[in-house]
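Take a look at the structure set out below.
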Amino acid sequence: MITDPTPTATARPGTRALLACAVVAGPLWAGVSLAQVVGREGFDLTRHPLSALSNGDLGWLQIANFAVAGVLAVAGAIGLRRALAGAPGGVWAPRLVATYGIGMIAAGAFVMEPADGFPVGTPEGTPTALGWTSFAHMAAGSLTFIALIAVCYVLARRFARTGDRARSVLSVIAGTALLLGDGWAMAGGALGSLTLAVGAITAMLWVSAVAAHHLRTA
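Written out as structure tokens, the structure is:
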């Protein structure tokens, strides 16, 4: 395996703290979301997307979760830009992580409408008409997912070029998990919200794992 050179930019003050933000972003969002899956009455991950948690009396928790994770990802992108300066993937990987963070912030700001029995008391099925915030949320989600998928493939190429085959393969797996999960959900496949959640969390955790890798060498 070829040793991945550590650029001198990683010595800049604050780089480690910025990388730590990227490390925390994925696990934080996943942990807070999954805790609500267990604790929120009426929520069923096989029927409801994790974004639906932004509705109801405790909706503020998921809105804050989106916002905080997004800000952490944007900050982490700055750390990755420093850590990868002059290295393969050093331009596009940080840009895509920043885009994913911005998408998360927007997804928190624009809440999708209650649907399919959640929160409790909401009629079953999809609303006959969706408001503009639902469309804005879907656009933000699409931006987030596209950026996450792309950064996983960019990282795969980066690790391949540096001789790190294991991380290259894991990057492809993470990106493909989200690509397939999102595609299945968009196609209306059975358990689509579950496959989307698995794919999104896999990709987010992998980006955090890559940031942790660079944090150790910063």
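Using this note's numbering, you'd call the opening residue of the sequence shown number 3 and step up by one each time. Every residue, glycine too, gets a C-beta built ideally from N, C-alpha and C.
Euclidean distance between Cα positions of residue i and residue j
i    : j    : result
V34  : S56  : 12 Å
L139 : E43  : Reading off the sequence shown, one finds His at residue 139, where the question assumed Leu. Taking the straight line joining both Cα atoms gives about 23 Å.
V171 : A158 : 7 Å
V209 : V70  : 16 Å
W62  : G165 : 44 Å
P96  : G123 : 42 Å
L82  : P51  : 30 Å
S195 : D46  : 9 Å
T17  : A214 : 12 Å
G190 : T197 : 11 Å
A54  : S136 : 10 Å
L98  : L86  : 13 Å
G103 : C23  : 11 Å
A162 : V212 : 14 Å
A152 : L145 : 11 Å
Neighbour-count burial assignment, residue i, 16 or more Cβ in a 10 Å radius
i    : result
D59  : exposed
R160 : buried
R84  : buried
A187 : buried
R167 : exposed
G221 : The first residue shown for the chain is 3 and the last is 220, placing residue 221 beyond what the model contains.
P125 : exposed
P7   : Caution is warranted here: a pLDDT of 47 is assigned to P7, below 50, making its placement in the model unreliable, and the coordinate value is therefore given only provisionally. By the neighbour-count rule (16 or more Cβ atoms within 10 Å), P7 is not buried but exposed.
R218 : exposed
G133 : exposed
A37  : exposed
A131 : exposed
V40  : exposed
Residue i in three-state terms, based on DSSP
i    : result
T5   : No answer about T5 holds up, because its pLDDT of 46 lies below 50 and its placement is not dependable.
F68  : helix
D164 : Per the sequence presented here, residue 164 reads as Thr, with Asp not at that position. Here T164 sits in coil by DSSP.
F147 : helix
F45  : coil
P29  : helix
L60  : coil
Supposed close pair residue i, residue j - CB separation, criterion 8 Å
i    : j    : result
F147 : L182 : Not quite, the Cβ-Cβ distance comes to about 12 Å (not below 8 Å), so this is no contact.
G72  : G110 : 7 Å
L30  : L74  : 7 Å
Residue i at chain D interface by Cβ criterion, 8 Å
i    : result
L207 : Given the protein chain composition of this structure (a single chain), no chain D is represented.
- Please go through the stretch 94 to 131 and give each complete alpha helix (DSSP H) segment of 4 or more residues, from N-terminal end onward. 94 to 111
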